[in-house]
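In this note's numbering, the protein residues as written are -6 to 344. The C-beta atom is built at its ideal place from N, Cα and C for all residues, glycine as well. The model shown is predicted, which means the values in this text are computed figures rather than measured ones. The structure appears right after this line, and notes come after that.
Next up, the structure:
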């Protein structure tokens, strides 16, 4: 397991992190091609939530549309996706006992890309209108996961190693299909949209995406928290976990289902965003150790803060244009991950 770099009392940790999260939400709404007065944000949001004029309107009417219809759902979705990918990465690292595992280790992202690119370039799932890309991405991730499970469980010889190797194979096959579709397309505008989606974007965020994303995340966090002792035991190896009374087969299936649903729904609304599910669990372990009871809430909060600010950078670095958020997370995540490896004196597996 990971040894702590420093011991920080949980109460003090959340005393700082929760206000940082709330302030991040407010300030993330203010940044973009149009800068907004921070005091207007909570006044406009308060008026909208209470559905009456609590605060006198001293701002242009266009500000309400920018804040309520465009930026607020985007920032909330960024927080939810950041938390979801981080929890999914934490679960996959516990399942595989591999410190380099991330939410996409089972080929979920490749399947989602195939579905989304089919929707964008081929017009598949057009029946669902503006939700066609999200539906295509989710169905693609779901189908690739089912295929991985079916192949990995042939002749009832299911093991974690077989699962990962099957995920790599199915992911490669999905990537080949995606690349073929992209290669055959002649529509430059649609190609740009497809490539932008494949590197992650929250530009299409809508209020209708918030509720299903929140529900999947909330249920996953609750179930993961219930399984926190089993997750701790899984890090010691399945044989040791079984001697401790853990039903490893059941726990393994629950972890895979949770991670698949989390990653599938997050990818469907945001595209492929790398590094979040890899570095956030490492960051959390370096602060509170390897107890999942402490890790689960911390990972959720850190992931939300990280992706909220990554989205801010994506909006402002080349304003008025926008960078794919996956590019920003890679720029931020890779150097931080290297620094963490250099500064940390921990190992993965054993006390």
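- Residue environment for residue 232: exposed (fewer than 16 other C-beta atoms within 10 angstroms of its C-beta).
- Take the alpha-carbon of residue 27 and the one of residue 15: they are about 21 Å apart.
- The alpha-carbon of residue 162 is positioned some 10 Å away from that of residue 155.
- By a beta-carbon distance limit of 8 Å, residue 96 does not contact residue 108. Their separation comes to about 16 Å.
- In the displayed model, residue 28 falls within coil according to three-state DSSP, outside both helix and strand.
- The alpha helix (DSSP H) runs of length 4 or more contained entirely in the segment 173 to 225 are, from start to end of the chain, 181 to 191, 200 to 219.
- Between residue 125 and residue 262, the alpha-carbon positions lie close to 11 Å from each other.
- Going by beta carbons, residue 248 and residue 224 fall inside the 9 Å limit.
- With fewer than 16 other Cβ atoms inside 10 Å of its own Cβ, residue 328 counts as exposed.
- By the beta-carbon neighbour count (other beta carbons within 10 angstroms, threshold 16), residue 47 is exposed.
- For residue 273, the enclosing alpha helix (DSSP H) starts and ends at 269 to 281.
- If you draw a straight line from the Cα of residue 8 to the Cα of residue 290, it is about 13 Å long.
- Here residue 211 is exposed: its Cβ has fewer than 16 other Cβ atoms, across all protein chains shown, within 10 Å.
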